[in-house]
Each structure stands twice: as structure tokens, then as C-alpha cells.
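Report on the following structure.
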Amino acid sequence: MAPPKVQIAIDTTSAEHARELIEIAQASGADWIEIGKPLIEFEGLRGLEELKDQLEAPYVLFDLMVMSSPAKYISAAHRLGANNVTVSAHAPLETIQEAVYAAHDLSIALTVDLFNVENPVERAVEAAHTGADYVMVHFGVDQKRHQPEGSPIGVLREVALAVDIPVSYATYDADESRRAVEAGASVIVQGEPLLSAEEPRKALSEFIATTKNVIKGNEKS
Numbered sequence: 005m006a007p008p009k010v011q012i013a014i015d016t017t018s019a020e021h022a023r024e025l026i027e028i029a030q031a032s033g034a035d036w037i038e039i040g041k042p043l044i045e046f047e048g049l050r051g052l053e054e055l056k057d058q059l060e061a062p063y064v065l066f067d068l069m070v071m072s073s074p075a076k077y078i079s080a081a082h083r084l085g086a087n088n089v090t091v092s093a094h095a096p097l098e099t100i101q102e103a104v105y106a107a108h109d110l111s112i113a114l115t116v117d118l119f120n121v122e123n124p125v126e127r128a129v130e131a132a133h134t135g136a137d138y139v140m141v142h143f144g145v146d147q148k149r150h151q152p153e154g155s156p157i158g159v160l161r162e163v164a165l166a167v168d169i170p171v172s173y174a175t176y177d178a179d180e181s182r183r184a185v186e187a188g189a190s191v192i193v194q195g196e197p198l199l200s201a202e203e204p205r206k207a208l209s210e211f212i213a214t215t216k217n218v219i220k221g222n223e224k225s
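Residue numbers (my numbering): 5 to 225.
In C-alpha cells form, the structure reads like this:
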């Protein structure tokens, strides 16, 4: 089994700060760079043109969380260098299907984010049937603040068993990352609080090494 990919979420609100964080993420060994939804909403897709030179080499996911009329958003993200885009699992199934068509027409991948849906396993199966390339499981920052010990690892395990496509999972620390990999996650998403650490490059490098070593340890057993 291959080690998981590690995706670093750039969830800042300014392109200037994003440039600095992208450099840190790449220097730390990130496999994927995520252009986070806060950055997209504060800067707008046109406002991210200044980052285009940084997005030519790495694998880049744009967290669009599309809810309707996906083609125009996906096309704009593609022009900026996107390799993967997200659509919300709350969107109608027809919209998810249209997003799959739009993404695949441009030869990029589509991730369906299961955040806060009522029946994540059922929706994951439906998303996979539309041709989605990935589904994502995560606990929102507000949920984490109110439920510090809360974690959807159980949901992740059920989703990973139910679908034949890779599942990504957003973590808050290395221990949760380890448990997520053991539960079947193929992509581990990390951003805060590590990007705001005193030494973010060191913190991210250690996190990435720990995450990838989980698979190596399992392969030996």
C-alpha cells in the first residue's frame, strides 16, 4: 500500500500571505497544495492570478465547495493550475454529476466533500457512482472548538469500506492523522494549527514524516 498523500490547506485570507505559506508547505515536503475556501472567497478567483506561477509545479486542489452551476468555477480554477476541485456533497446529485463532467472534460479530478451531510456513507456511494475521483471526510473547525475530543474517524472507516475511490481526511494533529491512515484515508489534509506554529516548516516536516511512516509500519507487520 502506498503512503498517503499529504495535502496542506492554505486557508489564509490574502494572496500575499498565501505565497509565503505555499513556499513553506512545499519546502516541508507536501504532496498537494490546497487553495482553501477562505482564500478563494476573500481574494476571488481573479485575485489569485498572482499565485499562478507558484501553482504550475505542485499538485493543486482548489476548495471551491461548489453548490450549483459548477462548470464556470471549475474552468476558472483549471486556468489557475488546479489539478483537483471540490464540490459540496450538499449539492444536488445532478450538480455533482455536472461537476464530474466539467472536471473530467478538463482532465482534472473531482473531490466530493461530505462535510456535515446527514448520511455520509450513502452520499459517498452516490458520489462514487457519478464518477467522482475522491470523497472527503472532515470535522469543521467550529465543531472541533465545541467538541475538542470529537472526531469522525468512525465515519471515515465506514466510508473507506463502502467506496472504491480514495478518501481524504482533514486532521488537527499527528495522532489523529495516524488513526485516519489506519482507518483507510488515502489523503491527509493539514493546515492549522501547524501553519501558525513558531517554526511551521519544522512542524509540517515532522507531521508529514509521521503520517507517511504509518503506512510503512503497517506494511512491515
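All C-beta atoms in this analysis are idealised placements derived from N, C-alpha and C, irrespective of residue type, glycine included.
Being a predicted model, the structure only gives us computed values, none of them experimental.
Close beta carbons around K216, own chain, < 8 angstroms, minus the five adjacent residues each side: Hits under 8 angstroms: P7, P8 and V10.
C-beta atoms of M140 and T99 nearer than 8 angstroms: no
Beta carbon of I78 nearer than 8 angstroms to that of A107: Taking 8 angstroms as the Cβ cut-off, I78 and A107 qualify as a contacting pair.
Classification of E47 by the beta-carbon crowding that lies within 10 angstroms, buried from 16 upward: buried
E60 vs G40 beta-carbon contact at 8 angstroms: no
Residue range of the unbroken alpha helix (DSSP H) whose run includes V121: Segment: none, V121 is in no alpha helix (DSSP H) and carries neither H nor E.
Given R83 as reference, the closest of E203, E54 and P96 once Cα atoms are compared: E54
Nearest-angstrom Cα separation, counted from E202 out to E130: 42 angstroms
Selected residue, minimal CA-CA separation from T16, among N120, I37, L43 and G33: L43
Neighbour-count burial assignment, E126, 16 or more Cβ in a 10 Å radius: exposed
Whole-Å CB distance - I169 paired with A136, under 8 angstroms assumed: Between A136 and I169 the Cβ distance is about 7 angstroms, and since that is below 8 angstroms, they are a contact.
Coarse secondary structure for V209, derived from DSSP in three states: A small correction: the amino acid at residue 209 is Ser; Val does not occupy that position in the sequence shown. S209 falls in the helix class under three-state DSSP.
Element boundaries [alpha helix (DSSP H), containing V104]: L97 to D109
Own chain partners of G33 with C-beta closer than 7 angstroms, once the 5 adjacent residues on each side are dropped: S209 and I212
Buried/exposed call for K224, threshold 16 Cβ in 10 Å: Since pLDDT at K224 reaches only 35, below the 50 mark, its modelled position is unreliable, and no value is offered.
Completely contained alpha helix (DSSP H) runs for the region 63 to 91, where each covers 4 or more residues: 74 to 83
Cross-strand partners of V191 (DSSP beta bridge): Assignment of beta-bridge partners to V191 by DSSP yields K9 and S172.
Alpha carbon of L110 to alpha carbon of Q101, nearest angstrom: 15 angstroms
In DSSP terms, what I39 is bridged to: As computed with DSSP, I39 is found in a beta bridge with I14 and F66.
Assigned exposure category for P197 - 16 Cβ within 10 Å defines buried: exposed
Assigned exposure category for D117 - 16 Cβ within 10 Å defines buried: buried
Limits of the unbroken alpha helix (DSSP H) element including V163: Where V163 is concerned, the enclosing alpha helix (DSSP H) stretches over I157 to A166.
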